[in-house]
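**Student:** Protein chains in written order, with the numbering used here: chain S, 705 to 816; chain X, 1047 to 1157.
Supplied in structure tokens, the structure appears directly below.
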Amino acid sequence: DVKVTQSSRYLVKRTGEKVFLECVQDMDHENMFWYRQDPGLGLRLIYFSYDVKMKEKGDIPEGYSVSREKKERFSLILESASTNQTSMYLCASDRGGYGGYTFGSGTRLTVV
Amino acid sequence: GQQLNQSPQSMFIQEGEDVSMNCTSSSIFNTWLWYKQEPGEGPVLLIALYKAGELTSNGRLTAQFGITRKDSFLNISASIPSDVGIYFCAGQRTGANNLFFGTGTRLTVIP
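Printed below as a string of structure tokens:
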């Protein structure tokens, strides 16, 4: 069964901490994405990557960075967590083309 | 970023009723997709549409790619309790790697 796995389902972090959200896919997909989901706002793209070591900013990259050192792994980094980054974070991957994404189960991050 | 307007925002329906929801955009997409998100999970792809005017079914779900390429519709017939969740539309442009998502329709089915 093909999968996108996010390392944590729930995280609680303190303001100012550096936070790493990890995502791994086992489908040999080229493209990987990080979205955040907030009520009433839908899914908003933070960053995506179409190849190892390549990254592109999405609609809301401020306060975030990403790392893709290996094809299967895409990490989202909050350099200095703030309370307005409390959200559900969703990782997704696809092989390119127009077949749609496969999503992970999400990480619900609370910053206190 | 691109805004896709989805309506209604939420629906409360009786089991057995049919459901309709739609998604509109200010610009053209070449692919429309519909996802469902169940509580505590990531969205799962339901239907993908690739051609203006296309009508595609997946069981009790039917989706249409609007002829203007700026909208799409999803219908669910004879709803059941497991249809509960948030339904998202998404659009993709030719040559683009990423999808633009709607704001979601939260469906509640009352047994």
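All C-beta atoms, glycine included, are put in the ideal place defined by N, C-alpha and C.
Everything numeric in this text was worked out from a predicted model, so none of it was measured.
Measure from the alpha carbon of X/L1079 to the alpha carbon of each residue in X/L1107, X/G1086, X/E1087, then state which is nearest.
**Tutor:** Checked all of X/L1107, X/G1086, X/E1087; the closest Cα to X/L1079 is X/L1107.
**Student:** Run the CB neighbour count on S/R799, radius 10 Å, all protein chains shown included, and call it buried at 16 or more, exposed below.
**Tutor:** Exposed: under 16 other Cβ atoms inside 10 Å.
**Student:** Any Cβ of chain S within less than 8 Å of the Cβ of X/N1121?
**Tutor:** No, X/N1121 lies away from the interface with chain S (no Cβ there is under 8 Å from its Cβ).
**Student:** Quick one: list the residues of chain X neighbouring S/L813, beta-carbon separation under 7 Å, in chain order.
**Tutor:** Chain X residues near S/L813: none, gap ~15 Å exceeds 7 Å.
**Student:** Cutting at 7 Å between CB atoms, please list the residues of its own chain near X/L1091, excluding the five before and the five after it.
**Tutor:** Result list for X/L1091: L1079, Y1081, in chain order.
**Student:** What are the residues in the region 1087 to 1118 of chain X lying within 8 Å of chain S by C-beta distance?
**Tutor:** Hits within the stretch, in order: E1087, G1088, P1089, V1090, L1091, A1094, Y1096.
**Student:** Which residues in chain X sit within 7 Å of S/L780, going by Cβ to Cβ distance?
**Tutor:** Near S/L780 there are no residues of chain X at all, since even the closest Cβ is about 15 Å away, more than 7 Å.
**Student:** Among residues of its own chain, excluding the 5 on either side of X/V1130, which ones have a beta-carbon nearer than 7 Å to its beta-carbon?
**Tutor:** Here the set comprises L1153, T1154, V1155.
**Student:** For the beta strand (DSSP E) holding S/S753, just list the boundary residues, first then last.
**Tutor:** Segment 746 to 753, the beta strand (DSSP E) holding S/S753.
**Student:** Are three or more beta carbon pairs between the region 734 to 754 of chain S and the region 1104 to 1118 of chain X nearer than 8 Å?
**Tutor:** The answer is no - the region 1104 to 1118 of chain X does not touch the region 734 to 754 of chain S, with fewer than three Cβ pairs under 8 Å.
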